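Okay, so here's the structure we're looking at.
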Ligand SMILES: Cc1cc2nc3c(=O)[nH]c(=O)nc-3n(C[C@H](O)[C@H](O)[C@H](O)COP(=O)(O)O)c2cc1C
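In our numbering, the protein residues as written are 5 to 173.
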């Protein structure tokens, strides 16, 4: 066991990297333009009401733009969207240049080829260290028709992975 007070940021990140997750793009429409960023820290919170959450760095430039709209979409990325994950984590690039998207029922950008889309309205925000925890109430969800073949983009120990085996409970 390591004493928490002596844990440096690198060790902390390496340890938490052992928790595998999917990857999302959090997106919103700001003055008619799509805005979005890559986000791993997404998870489900509550069924009744339907709530989801993610953590965003306080240094994020996208979240302060999306925040006042109080509406955002969560795009659950598929394995085929690995490049989109990298692009939406880069600064000073046109993230939307090579991405097909449509507008959701609540006006949020939905990225083509995603596994699933969730349309959310901001339910709560909590300050937490160098991040903000955002909780969204899900208003609408849908998936692309005829794409049961898509597999999720997995992030584990600092690398992207693809699922190779399935086993029931
Ligand atoms: C695989 C991956 C996962 C990420 N997960 C998060 C996350 O959960 N929260 C976050 O704030 N940034 C996360 N990032 C970093 C942001 O995508 C990155 O800092 C981006 O440039 C932020 O854009 P913005 O300044 O437009 O908000 C992740 C990046 C990658 C590549």
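Where is the CB? At the ideal position from N, CA and C, for every residue including glycine. In this text the structure is predicted, and so the values were computed from the model without any measurement.
Determine the closest residue to residue i out of the options, with distance taken between C-alpha atoms.
i           : options              : result
residue 62  : 138, 103 and 46      : 138
residue 165 : 140, 133, 24 and 132 : 24
residue 79  : 163, 171 and 105     : 105
residue 169 : 159, 155 and 135     : 155
Say whether chain B places a C-beta atom closer than 9 Å to the C-beta of residue i.
i          : result
residue 59 : Reference to chain B is not applicable here, since this structure consists of a single protein chain.
State buried or exposed for residue i, treating a residue as buried only when at least 16 other CB atoms are found within 10 Å of its CB.
i           : result
residue 19  : exposed
residue 41  : buried
residue 152 : exposed
residue 147 : exposed
residue 51  : exposed
residue 28  : buried
residue 174 : Absent from the structure is residue 174, since the part of the chain shown begins at 5 and ends at 173.
residue 70  : buried
Less than 9 Å between the beta carbons of residue i and residue j, yes or no?
i           : j           : result
residue 31  : residue 113 : yes
residue 89  : residue 157 : yes
residue 123 : residue 99  : no
residue 81  : residue 140 : no
residue 21  : residue 162 : yes
Taking 8 Å as the cut-off, is the beta-carbon of residue i closer than that to any non-hydrogen atom of ligand 2?
i           : result
residue 108 : The model depicted lacks ligand 2 and carries ligand 1 instead.
Evaluate the contact criterion for the region 72-88 versus the region 113-124: three or more CB pairs, one atom per stretch, below 8 Å. yes
Stretch pair the region 91-104 + the region 124-141: three plus CB contacts closer than 8 Å: no
Segment contact, 8 Å Cβ cut-off, at least three pairs: the region 49-64 with the region 98-113: no
Does the region 151-168 come close enough to the region 65-79 to have 3 or more Cβ pairs within less than 8 Å? no
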